[in-house]
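Below is one structure, written out as structure tokens; comments come after it.
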Amino acid sequence: MLRYTAGYVTPPADLAQACVELVALRYRERGRIGEVARAIGGGQTASYSQKDMSDSIKTSIQQYRRVVPVTGSLIPVSTQAVTGDLAGGA
1 MLRYTAGYVT PPADLAQACV ELVALRYRER GRIGEVARAI GGGQTASYSQ KDMSDSIKTS
61 IQQYRRVVPV TGSLIPVSTQ AVTGDLAGGA
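Here the sequence shown is numbered in my numbering, starting from 1 and rising by one per residue.
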């Protein structure tokens, strides 16, 4: 039997809010995926940010991210304790 438990039972409020804001951002931008700029008339152009998320969202999420070196590379590690049982049968 293998049992793995990780994550939050209830996520921190600021992390949940950052996720809501990221989903809202993606929804608002759904009509211009991959679009860098658009002519809006009168010789004017609207330019769109190409960031994957806003700085405020990134700042909120960053505090819950831990990175540890593993054989010369970096991989994210959960900030929550990981518990597990590993039992093998013959």
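We put the beta carbon where it would ideally sit given N, CA and C, even for glycine.
Please read all numbers here as calculations on a predicted model, not as lab measurements.
- Contact between residue 22 and residue 53 holds, since their C-beta atoms are separated by about 6 Å, short of 8 Å.
- Around the C-beta of residue 60, 16 or more other C-beta atoms lie within 10 Å, and the residue is accordingly described as buried.
- Secondary-structure assignment with DSSP links residue 47 through a beta bridge to 37.
- For residue 23, the enclosing alpha helix (DSSP H) covers residues 13-28.
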